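Sequential numbering of the sequence shown, starting at 1, is according to the working numbering.
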Amino acid sequence: MAHSLPALPYAFNALEPHVDALTMEIHSQRHHKAYVDNLNKALEPHADLQKHDIVALLRNIKTVPDAIRQAVINNGGGHHNHAIFWEIMAPSAGGEPTGAIGDAIKAAFGDFAKFKDTVKQNALTQFGSGWSWLIWNTAAGKIEAIKKPNQDSPLMDGNVPLLGIDVWEHAYYLKYQNKRADYVDAWWNVVNWNKVNELFANAKAGK
Ligand code: MN3
1 MAHSLPALPY AFNALEPHVD ALTMEIHSQR HHKAYVDNLN KALEPHADLQ
51 KHDIVALLRN IKTVPDAIRQ AVINNGGGHH NHAIFWEIMA PSAGGEPTGA
101 IGDAIKAAFG DFAKFKDTVK QNALTQFGSG WSWLIWNTAA GKIEAIKKPN
151 QDSPLMDGNV PLLGIDVWEH AYYLKYQNKR ADYVDAWWNV VNWNKVNELF
201 ANAKAGK
């Protein structure tokens, strides 16, 4: 079973003015597509691995053969990170976090402003390309803000990504150029808290 590029759940221009249409189009149709294509290419000679979905593949990354492991980390991680990214954004979204994740953020960080500060600091101090994440730390049984380089998926550590800001330059350069901080500030206007709540509920349930 080949992995496939998911359709965006909204139009390229739906997240304007915070994320511009051209960035959304190139990001999804070229960058994400390349991760999917290169993942499929890496898995081509491995029929046994082709039956796993992307989550299982990344959770069990240590069992992937040496020869293709880094390709799966890069491209499988890239595929899954972006699949989540499109879903946790939405038009007419943003605002204060709602529901169970709102309560958990308050408990863990004090308030939404402090949470945003932490996520922003992680985004700004990620040298080069990577992601600022909110994860469910499975072993600790709590949410946590972390950063990870490149396309390294939190799934590889046994954790579950709940929210992530892509801080690769391809995610913001056309509109924000080198101003990563401005992009991060604007990004909160497109967060789909309903989807983050769904991911949080699944993570807590061990799904
Ligand atoms: Mn990206």
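A virtual CB, placed ideally from N, CA and C, is assigned to each residue, including glycine.
Keep in mind it's a predicted model, so treat the numbers as computed, not measured.
On the three-state DSSP scale, how would you describe residue i?
i: S132; result: strand
i: P154; result: helix
i: N60; result: coil
i: K142; result: strand
i: K147; result: strand
i: V19; result: coil
i: N137; result: strand
i: N13; result: coil
i: E96; result: coil
i: H224; result: With the chain covering 1 to 207 only, the question about residue 224 has no answer from this structure.
Could you check whether residue j and residue i sit closer than 8 Å to each other, using their CB atoms as the reference points?
i: A107; j: V160; result: no
i: N13; j: A21; result: yes
i: W188; j: K116; result: yes
i: G164; j: I84; result: yes
i: S153; j: L58; result: yes
i: A47; j: I68; result: no
i: V36; j: H80; result: no
i: L174; j: T23; result: yes
i: T118; j: A145; result: yes
i: A139; j: A201; result: no
i: N150; j: N74; result: yes
i: V196; j: I54; result: no
i: L134; j: L155; result: no
i: W86; j: S4; result: no
i: A93; j: V19; result: no
i: N40; j: A2; result: yes
How is the beta strand (DSSP E) around residue i delimited, first residue to last?
i: D166; result: V160 to D166
Applying the 10 Å Cβ sphere with the 16-neighbour rule, what's the burial state of residue i?
i: D166; result: buried
i: Q126; result: buried
i: N60; result: exposed
i: K114; result: exposed
i: K148; result: buried
i: Q177; result: exposed
i: P97; result: buried
i: S132; result: buried
i: K120; result: buried
i: A171; result: buried
i: R180; result: buried
In terms of residues, what are the limits of the alpha helix (DSSP H) holding residue i?
i: E198; result: W193 to K204
i: N38; result: K33 to L43
i: D185; result: R180 to W187
i: Q121; result: F112 to T125
i: Y176; result: Y173 to Y176
i: E87; result: G77 to E87
i: R30; result: Note, R30: premise wrong, no alpha helix (DSSP H); not H, not E.
i: I105; result: G99 to F109
i: I68; result: D66 to A71
i: A47; result: A47 to Q50
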